[in-house]
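In the numbering used here, the protein residues as written are 1 to 464.
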């Protein structure tokens, strides 16, 4: 083949102009006729014996297009392989002439997307404010308290009901005509106003076996539809009164429930986990704002086809990981909530773009600065894996089996450290561990600005 090629690269767009000699098309055309001759049928002729002039009259144009497409496909693949061009989308084909003239060379332009493009600015010129999160003894005690509450027990008491006591009740609810609407059997924590029934204040000072009657008026905001805008008369019997009891924090308790030898080791583990989480969040929070700064001094371009592919993959993962369903079922759920797949895509697209931008920044730094994981990072990886793998002797084998993945993971970690070390730090604002929830909301707004707009729109609708 003697096709002529002219390739132009525009960041993430490849433009390949191809000139296909008419002689090559003719040769391939004759091959097409020869290949199809035994299969062609025509009235008055046996298969394989149809005259060439009849074949050309009936199928000539089709075979010429087939010949042209075959040449184009073969030559395109051969050229991009030879020149190490890596398209990430199907090529769009555009013939120079609307009506192809098969008496002369055919010219065609192929346009396709190329991998993302990044030309990073000098990150050492940047300066960003940072946050610092402190884990206090109070945070550790709060986490321990939460752990103890997981094993709370209920203890019946012979005393009057107070706030935060648990009352096991049977409540008969009557309308104003004295008709029984329903009987409610439940245990409620006094003071929580379960289901907004407004029973709690009427139960104070009662004891097991006591019965009381009272009335409650409801508006539209009540769980039972037959109570709406009615005055309900209750007849309530107290079946039992209970108090919640936290287990004592003893060596025996932490050994049984948390697999630690004693309370001190348990507390140290809680402290370590909280500090690790705080450090990880602090790092990711600081990096998120730094990435925006890096983007502002860099040239970054991501082809739309790659963005849309990642949006589709994100939807599939979300459906599978969140609900354990396929995307078709997710689409039905969205319709049931008066939303649509397009709305869902629009909501997640900004965060998908952010993720791609971060990946591109890190990959560019790894390549530009020749960043590689240190021996210390490999050792830390082995240490982390030892907590997950039962057979410690197989850790090296596990790493070797997935070395390429682990190496890329560590390179990205090293690139993150490079950024934090080389971007100058401005003011450092100190936060407590409890502030992470609020900081997470700020981070979500940064990573997915469309959600903030959705919230604003929702408020505008409510105001109307």
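Think of the CB as a built atom: it goes at the ideal place given N, C-alpha and C, for glycine as much as any other residue.
Identify which residue in the options has its Cα closest to the Cα of residue i.
| i | options | result |
| --- | --- | --- |
| residue 466 | 343, 196 and 204 | Here the chain covers residues 1 to 464 and nothing more, so residue 466 does not appear. |
| residue 290 | 125, 36 and 344 | 125 |
| residue 5 | 76, 33 and 25 | 76 |
| residue 163 | 184, 188 and 141 | 188 |
| residue 123 | 292, 150, 347 and 444 | 292 |
| residue 59 | 37, 78, 46 and 79 | 37 |
| residue 239 | 141, 121, 229 and 206 | 206 |
| residue 140 | 344, 103 and 271 | 271 |
| residue 414 | 381, 203 and 389 | 381 |
| residue 313 | 85, 425, 345 and 444 | 345 |
| residue 265 | 110, 84, 144 and 120 | 144 |
| residue 210 | 160, 41, 373 and 412 | 160 |
| residue 301 | 438, 103 and 120 | 120 |
| residue 485 | 43, 35 and 103 | An answer regarding residue 485 cannot be provided, because it is not within the stretch 1 to 464 covered by the chain. |
Given this structure, state the Cα-to-Cα distance separating residue i from residue j, to the nearest angstrom.
| i | j | result |
| --- | --- | --- |
| residue 430 | residue 284 | 15 Å |
| residue 387 | residue 366 | 29 Å |
| residue 461 | residue 336 | Because the pLDDT of residue 461 is 33, which lies under 50, any placement of that residue in the model is unreliable, and the question is left without a value. |
| residue 105 | residue 2 | 11 Å |
| residue 427 | residue 286 | 12 Å |
| residue 377 | residue 410 | 7 Å |
| residue 73 | residue 66 | 11 Å |
| residue 268 | residue 383 | 18 Å |
| residue 251 | residue 262 | 4 Å |
| residue 456 | residue 178 | In this prediction, residue 456 has a pLDDT of 43, which is less than 50 and means its spatial position is unreliable; nothing more can be read from the coordinates. |
| residue 181 | residue 175 | 7 Å |
| residue 63 | residue 70 | 10 Å |
| residue 48 | residue 81 | 39 Å |
| residue 341 | residue 89 | 23 Å |
| residue 216 | residue 208 | 22 Å |
| residue 18 | residue 99 | 17 Å |
| residue 107 | residue 101 | 10 Å |
| residue 213 | residue 203 | 10 Å |
| residue 253 | residue 247 | 8 Å |
| residue 56 | residue 21 | 20 Å |
| residue 423 | residue 128 | 7 Å |
| residue 310 | residue 78 | 28 Å |
| residue 369 | residue 351 | 27 Å |
| residue 43 | residue 109 | 41 Å |
When burial is assigned at 16 or more other CB atoms within 10 Å of the CB, is residue i buried or exposed?
| i | result |
| --- | --- |
| residue 68 | buried |
| residue 273 | exposed |
| residue 113 | buried |
| residue 51 | exposed |
| residue 190 | buried |
| residue 276 | exposed |
| residue 223 | exposed |
| residue 53 | exposed |
| residue 116 | buried |
| residue 464 | Only weak support exists for where residue 464 lies, its pLDDT of 33 falling under 50; the coordinates are left without a value. |
| residue 146 | exposed |
| residue 433 | buried |
| residue 391 | exposed |
| residue 405 | exposed |
| residue 458 | Any reading at residue 458 is ruled out, since the residue's pLDDT is 36, under 50, leaving its predicted position unreliable. |
| residue 118 | buried |
| residue 45 | exposed |
For residue i, which beta-bridge partners are listed by DSSP?
| i | result |
| --- | --- |
| residue 112 | 14 |
| residue 154 | 244 |
| residue 188 | 167 |
| residue 132 | 430 |
| residue 299 | 119 |
| residue 92 | 111 |
| residue 195 | Per DSSP, none; premise fails for residue 195. |
| residue 106 | 20 |
| residue 173 | 182 and 234 |
| residue 45 | 42 |
| residue 6 | 17 |
Within the present structure, is the beta-carbon of residue i separated from the nearest heavy atom of the ligand SAM by less than 6 Å?
| i | result |
| --- | --- |
| residue 170 | Absent from the structure shown: the ligand SAM. Ligands present: none. |
Any contact of the segment 28 to 35 with the segment 5 to 13, i.e. 3+ C-beta pairs under 8 Å? Fewer than three Cβ pairs drawn from the segment 28 to 35 and the segment 5 to 13 lie within less than 8 Å of each other, which leaves the two stretches out of contact.
Can we say the segment 353 to 364 touches the segment 290 to 308, given the rule of at least three CB pairs closer than 8 Å? Yes, the segment 353 to 364 is in contact with the segment 290 to 308.
Give a yes or no on contact between the segment 280 to 294 and the segment 126 to 139, applying the rule of three or more CB pairs nearer than 8 Å. For the pair of segments examined, the segment 280 to 294 was found to touch the segment 126 to 139: the number of CB pairs separated by less than 8 Å reaches three.
Any contact of the segment 360 to 376 with the segment 412 to 431, i.e. 3+ C-beta pairs under 8 Å? Here the segment 360 to 376 makes contact with the segment 412 to 431; the two share three or more CB pairs at distances below 8 Å.
Between the segment 93 to 112 and the segment 385 to 404, do three or more beta carbon pairs fall short of 8 Å? In short, these stretches do not touch, since the Cβ pair count stays below three.
Taking three-plus beta-carbon pairs below 8 Å as touching, is the segment 198 to 209 in contact with the segment 224 to 237? In the pairwise beta carbon analysis, the segment 198 to 209 is classified as touching the segment 224 to 237: at least three pairs are separated by under 8 Å.
Between the segment 165 to 182 and the segment 314 to 331, are three or more C-beta pairs nearer than 8 Å? Contact annotation: the segment 165 to 182 does not touch the segment 314 to 331, with fewer than three C-beta pairs closer than 8 Å.
Between the segment 170 to 178 and the segment 256 to 267, can you find at least three pairs of beta-carbon atoms closer than 8 Å? The segment 256 to 267, when compared against the segment 170 to 178, does not touch it at the 8 Å Cβ threshold.
When you compare the segment 152 to 161 with the segment 238 to 245, are there three or more beta-carbon pairs, one atom per stretch, that lie closer than 8 Å? A contact between stretches requires three or more CB pairs, one per stretch, nearer than 8 Å, and the segment 152 to 161 meets this requirement with the segment 238 to 245.
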